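Chemist:
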Amino acid sequence: MRPNRPVPRVRVLAHGFERLHRLDPEAYLRDLLRVPAHWPRERYLELAPKYWAATRARLVAAELDAEVGELTLPEPLAAPAEEQSSPR
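Take 1253 as the starting number for the sequence shown in this note's numbering and just add one per residue.
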């Protein structure tokens, strides 16, 4: 007979991440470990979970799936409307 164990915090965080961003946490982390070495520092925001689906769709899937090798960088994402509007 096993005592009741609380759900591990990592599982709770992963579930929340998945629901909020509609991303598989394991796949996102795998990709995120692969991409930043090739990504320009001024474009790191494109790697955030909020923008990741759009960024990943613009990458060459075969290059991203390879464990090593260069990545072809796509053009920068257009700035979202909320970031384009100037403060009043």
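For every residue, glycine included, the Cβ atom is placed at its ideal position computed from N, Cα and C.
All values reported here derive from a predicted model rather than from experimental measurement.
Return the Cβ separation of residue 1329 and residue 1290 in integer angstroms, given the expectation that the two are a contact with Cβ distance under 8 Å.
Modeler: Taking the sequence shown and counting its residues from 1, one reaches residue 1329 at position 77. Taking the sequence shown and counting its residues from 1, one reaches residue 1290 at position 38. Between residue 1290 and residue 1329 the Cβ distance is about 16 Å, and since that is not below 8 Å, they are no contact.
Chemist: Does the beta-carbon distance from residue 1284 to residue 1272 come in below 8 Å?
Modeler: On the sequence shown, position 32 is the one that residue 1284 refers to. On the sequence shown, position 20 is the one that residue 1272 refers to. Cβ atoms of residue 1284 and residue 1272: not closer than 8 Å.
Chemist: Report the CB separation of residue 1323 from residue 1311 in whole angstroms; it is logged as a contact under 8 Å.
Modeler: For the purposes of this step, residue 1323 is taken as residue 71 along the sequence shown, with counting starting at 1. For the purposes of this step, residue 1311 is taken as residue 59 along the sequence shown, with counting starting at 1. That belief holds up - the Cβ atoms of residue 1323 and residue 1311 are roughly 7 Å apart, short of 8 Å.
Chemist: Answer with buried or exposed for residue 1286, where buried requires no fewer than 16 other C-beta atoms within 10 angstroms of its C-beta.
Modeler: Mapped onto the sequence shown, residue 1286 falls at position 34. Under this definition residue 1286 is a buried residue.
Chemist: Taking Cβ positions, are residue 1292 and residue 1275 nearer each other than 8 Å?
Modeler: The residue labelled residue 1292 in the question sits at position 40 within the sequence shown. The residue labelled residue 1275 in the question sits at position 23 within the sequence shown. The answer is no: Cβ separation not under 8 Å.
Chemist: Can you name the start and end residues of the alpha helix (DSSP H) that residue 1303 belongs to?
Modeler: The sequence position of residue 1303 within the sequence shown is 51, counting from 1. 1301 to 1309 is the extent of the alpha helix (DSSP H) around residue 1303.
Chemist: From residue 1305 to residue 1279, what distance separates their C-alpha atoms?
Modeler: In the sequence shown, counting from the first residue as 1, residue 1305 sits at position 53. In the sequence shown, counting from the first residue as 1, residue 1279 sits at position 27. So the alpha carbons of these two residues sit roughly 11 Å apart.
Chemist: What is the DSSP secondary structure of residue 1284, counted as helix, strand or coil?
Modeler: On the sequence shown, position 32 is the one that residue 1284 refers to. Looking at residue 1284 - three-state DSSP - the assignment turns out to be helix.
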